[in-house]
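Protein sequence lines correspond, in order, to chains A and B. Numbering follows UniProt numbering, in which position 234 of the first sequence is assigned residue number 234; successive positions increment by one, without gaps. Numbering follows UniProt numbering, in which position 12 of the second sequence is assigned residue number 12; successive positions increment by one, without gaps. All residues carry an ideal CB built from backbone N, CA and C; glycine is no exception. One structure is given below, encoded as structure tokens.
Protein chains: 2
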Amino acid sequence: MACPAVVEEVPEKHCWVCFATEREDVLAEWVNPCRCKGCTKWIHQSCLQRWLDEKQKVNSGGPVNCPQCGTEYRIVFPKMGPLVYSLQHVDKTISRVSPFAAVGVVVGTVYWSAVTYGAVTVMQVVGHKKGLSIMERADPLFLLMGLPTIPVMLVLGKMIHWEDYIVRLWHRYSGLQIRGRPMRRVPLEGTLTRDHLSVSRTLCGALIFPSVASLVGRLLFQRFPSSLQRTVLGGIAFLLIKGTLKVYFKQQQYLIQTNRQILNYPEGNGESERDGGSQRGEEYAEDSE
Amino acid sequence: MACPAVVEEVPEKHCWVCFATEREDVLAEWVNPCRCKGCTKWIHQSCLQRWLDEKQKVNSGGPVNCPQCGTEYRIVFPKMGPLVYSLQHVDKTISRVSPFAAVGVVVGTVYWSAVTYGAVTVMQVVGHKKGLSIMERADPLFLLMGLPTIPVMLVLGKMIHWEDYIVRLWHRYSGLQIRGRPMRRVPLEGTLTRDHLSVSRTLCGALIFPSVASLVGRLLFQRFPSSLQRTVLGGIAFLLIKGTLKVYFKQQQYLIQTNRQILNYPEGNGESERDGGSQRGEEYAEDSE
Chain A
1 MACPAVVEEV PEKHCWVCFA TEREDVLAEW VNPCRCKGCT KWIHQSCLQR
51 WLDEKQKVNS GGPVNCPQCG TEYRIVFPKM GPLVYSLQHV DKTISRVSPF
101 AAVGVVVGTV YWSAVTYGAV TVMQVVGHKK GLSIMERADP LFLLMGLPTI
151 PVMLVLGKMI HWEDYIVRLW HRYSGLQIRG RPMRRVPLEG TLTRDHLSVS
201 RTLCGALIFP SVASLVGRLL FQRFPSSLQR TVLGGIAFLL IKGTLKVYFK
251 QQQYLIQTNR QILNYPEGNG ESERDGGSQR GEEYAEDSE
Chain B
1 MACPAVVEEV PEKHCWVCFA TEREDVLAEW VNPCRCKGCT KWIHQSCLQR
51 WLDEKQKVNS GGPVNCPQCG TEYRIVFPKM GPLVYSLQHV DKTISRVSPF
101 AAVGVVVGTV YWSAVTYGAV TVMQVVGHKK GLSIMERADP LFLLMGLPTI
151 PVMLVLGKMI HWEDYIVRLW HRYSGLQIRG RPMRRVPLEG TLTRDHLSVS
201 RTLCGALIFP SVASLVGRLL FQRFPSSLQR TVLGGIAFLL IKGTLKVYFK
251 QQQYLIQTNR QILNYPEGNG ESERDGGSQR GEEYAEDSE
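Here's what the structure looks like:
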């Protein structure tokens, strides 16, 4: 901003935003909101208001200081009536409470679905009619507490990776001899246990388990008359089959990692030999020993 | 790595990881995995495997190159049996499908809660017994489609901020004269419409509306025998009362923003005068005109 040399004694007001002087707009309201002297002392009230609006877009409603001398502008508002004051209070309270209420809605949604899932599972396990009659006779409080624990227990149960313990025990007691020859190396832990981190897989596996147990029960244990017996046996059978396959699979993965081999660079060299990588699988039989 | 000058002719193998030579460990397996010549040509198979494990911790399973010549190491694995192969395929498929299944679980949870909420709302609006009998007689498919639309419609309805339109219309047709004197300024749009962004407030307000309508109906319209009539009238009454208060509140907020005033810096200056900010409210009456 160019500041005219004649400042003191008869200072003509001069707005540092629009550069207009007192003579150019006689009616305009002037304000000197800060400790600035000289050519940045005066500003139009309306120019400062506009400038303040722009500033407060960023720090909505916070204090604004003079960019030159740093004085905080003193902004006053007309007094609120008691109704407006209480409405503002109500508005603020609602704004403060509503996030917690929304969390409550989400928790309620999850809880209610867990109750429903629990009820459906009970009917699936003991049979539709018997399940209904059991739940009708039971204490409602017990149902509201007990039914949601069913999916929780299923998920917690799914988080026990018992197959891994068996694989680890197997490794410990089989020693370092596998198929009679010394093991090349022990692979890093992380490479084999990556799937534990999948939340979605744990959740889905846990929630689908009763249906699978019921299905396996109906397929393998038809001669049992009771739906409960069939489902429990089906669940145990499924767990055993799946566990066995998983232990076998993990053990094979472990062996594959253990017997990984890095090949010599093909000595004939040149570009033609570098394509030989596609025959890696075949080369291995000769190369691995 | 210090590389001995004698390299060609009778090159003694020399591992560039553990610095051991051929004579130090006669049984160790050697590999020259890349185009490197000289002292970085040879490495122990076991040393390279360890080094590879460290590298693959970061880019799990990806290709690894020689840090010197950039040749990609050729890593081979023993061939998998058909069972392991298919197990791996199943494992990968489950890992790929489970995120979608988990999304399905979440959607199902929300859907089921919406159905339940819809059913509770129907019973709240038309009365418990009548609601139950209506839903028992209705087509199940219609219920499964119709009931979840109730909370959806409530939320969509809550998103229509009709009070704002009224406030805006009021401003447009009242012109720039408010209470007989010209308006100081027009506040920025953003400062008054901030609460629209609150998702939690919209959600909670929408979901609590039927309960509030039912309550207001029971309080104000006791003489109506039908629960449906009471609730509908209660809802309308609540919307009108709330809307009127909101329009009034927004209008007052608008006026407060419009008549914001920035004060002159107290001329007596010095530190003592700067505390005068606490009396801003009182000063305004004299200062605002």
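Query raised in the report: By how many angstroms is the C-alpha of E22 of chain A removed from the C-alpha of W51 of chain A?
Result: 19 Å
Query raised in the report: Would a C-beta distance cut-off of 7 Å place I166 of chain A and V247 of chain A closer than the cut-off?
Result: yes
Requested in this report: Could you name the residues of chain B that V110 of chain A contacts, counting a contact when the two beta carbons are closer than 7 Å?
Outcome: T109
Query - Those runs of the alpha helix (DSSP H) which lie wholly inside the stretch 204–258 of chain A and span at least 4 residues - result: 227–258
Query raised in the report: If we count Cβ pairs, one from each stretch, closer than 8 Å, do we get three or more for the stretch 126–136 of chain A versus the stretch 236–246 of chain A?
Result: no
Query - Residues in the stretch 67–79 of chain B having any Cβ partner in chain A nearer than 7 Å - result: T71, Y73, R74, I75, V76, F77, P78 and K79
Requested in this report: Grab the span of the alpha helix (DSSP H) containing T121 of chain B for me, first residue to last.
Outcome: P82 to V126
Requested in this report: Can you check the stretch 6–58 of chain B for any alpha helix (DSSP H) of at least 4 residues that lies completely inside it and give the ranges in chain order?
Outcome: 45–58
Query raised in the report: CA-CA distance, N264 of chain A and N65 of chain B?
Result: 13 Å
Query raised in the report: Per the contact definition of three or more C-beta pairs closer than 8 Å, is the stretch 196–206 of chain A in contact with the stretch 95–102 of chain B?
Result: yes
**Report entry** Residue interval of the alpha helix (DSSP H) (run including R168 of chain A)
**Finding:** W162 to S174
**Report entry** Collapsed DSSP secondary structure at V76 of chain B in the structure displayed
**Finding:** strand
**Report entry** Beta bridge counterpart(s) of N65 of chain A as assigned by DSSP
**Finding:** A:E72
Report task. Could you tell me the distance, in whole angstroms, from the CA atom of S211 of chain A to the CA atom of K242 of chain A? Result -> 15 Å
Query raised in the report: Would a C-beta distance cut-off of 7 Å place S113 of chain A and T121 of chain B closer than the cut-off?
Result: no
Query raised in the report: Under 7 Å, do residue 292 of chain B and P82 of chain A count as touching if we go by C-beta distance?
Result: Summary: the structure shown does not reach residue 292 of chain B, with chain B confined to residues 1 through 289, and so no result is reported for it.
**Report entry** As assigned by DSSP and simplified to three states, the class of R181 of chain A
**Finding:** Its pLDDT being 49, under 50, R181 of chain A is placed unreliably in this model, and the coordinates cannot settle the point.
Requested in this report: Leaving aside the five residues before and after Y117 of chain A along the sequence, list all residues of the same chain whose C-beta is less than 6 Å from its C-beta, in chain order.
Outcome: P151
Requested in this report: Determine the contact status of T93 of chain B and Q68 of chain B, defining contact as a CB-CB distance below 7 Å.
Outcome: no
Query - Distance between Q251 of chain A and M80 of chain B (C-alpha atoms, nearest Å) - result: 12 Å
Query raised in the report: Among A:M123, A:L203, A:L141 and A:V115, which one has its Cα closest to the Cα of T149 of chain A?
Result: A:V115
Requested in this report: Using DSSP bridges, identify the partner residues of I262 of chain A.
Outcome: B:I75
Query raised in the report: What three-state label does DSSP hand S133 of chain B in the structure shown?
Result: helix
Report task. Please classify L144 of chain A: is it buried, with 16 or more other beta-carbons within 10 angstroms of its beta-carbon, or exposed? Result -> exposed
**Report entry** Length of the line joining the Cα atoms of E54 of chain B and N259 of chain A
**Finding:** 17 Å
Requested in this report: Could you tell me whether the Cβ of residue 290 of chain A comes closer than 7 Å to any Cβ of chain B?
Outcome: No statement about residue 290 of chain A is possible, as the shown extent of chain A runs from 1 to 289 and does not include it.
Query raised in the report: Along chain B, which residues have their Cβ under 8 Å away from the Cβ of P63 of chain A?
Result: Those do not exist, as P63 of chain A stays about 10 Å from chain B at its closest Cβ, beyond 8 Å.
**Report entry** Rounded C-alpha distance that separates K37 of chain A from R172 of chain B
**Finding:** 41 Å
Query - Separation of S86 of chain A from Q261 of chain B, as counted between CA atoms - result: 23 Å
Query raised in the report: Rounded to a whole number of angstroms, what is the C-alpha to C-alpha distance between residue 296 of chain B and C204 of chain A?
Result: Past the boundaries of the shown model lies residue 296 of chain B; chain B is included only from 1 to 289, so the question cannot be answered.
Query raised in the report: S227 of chain B and G127 of chain B: beta carbons closer than 7 Å?
Result: yes
Requested in this report: Drop a sphere of 10 angstroms on the beta-carbon of S174 of chain B, count the other beta-carbons inside from all chains shown, and report buried for 16 or more, exposed for fewer.
Outcome: exposed
Query raised in the report: Using 7 Å as the limit for Cβ to Cβ distance, is T116 of chain B near chain A?
Result: yes
Query - Burial state of F142 of chain B (16 or more Cβ within 10 Å) - result: exposed
Query - CB-CB length for C18 of chain A against W42 of chain A, believed under 8 Å - result: Incorrect: roughly 11 Å between the Cβ atoms, too far for contact.
Report task. Please confirm whether Q88 of chain B and S214 of chain B have their CB atoms less than 7 Å apart. Result -> no
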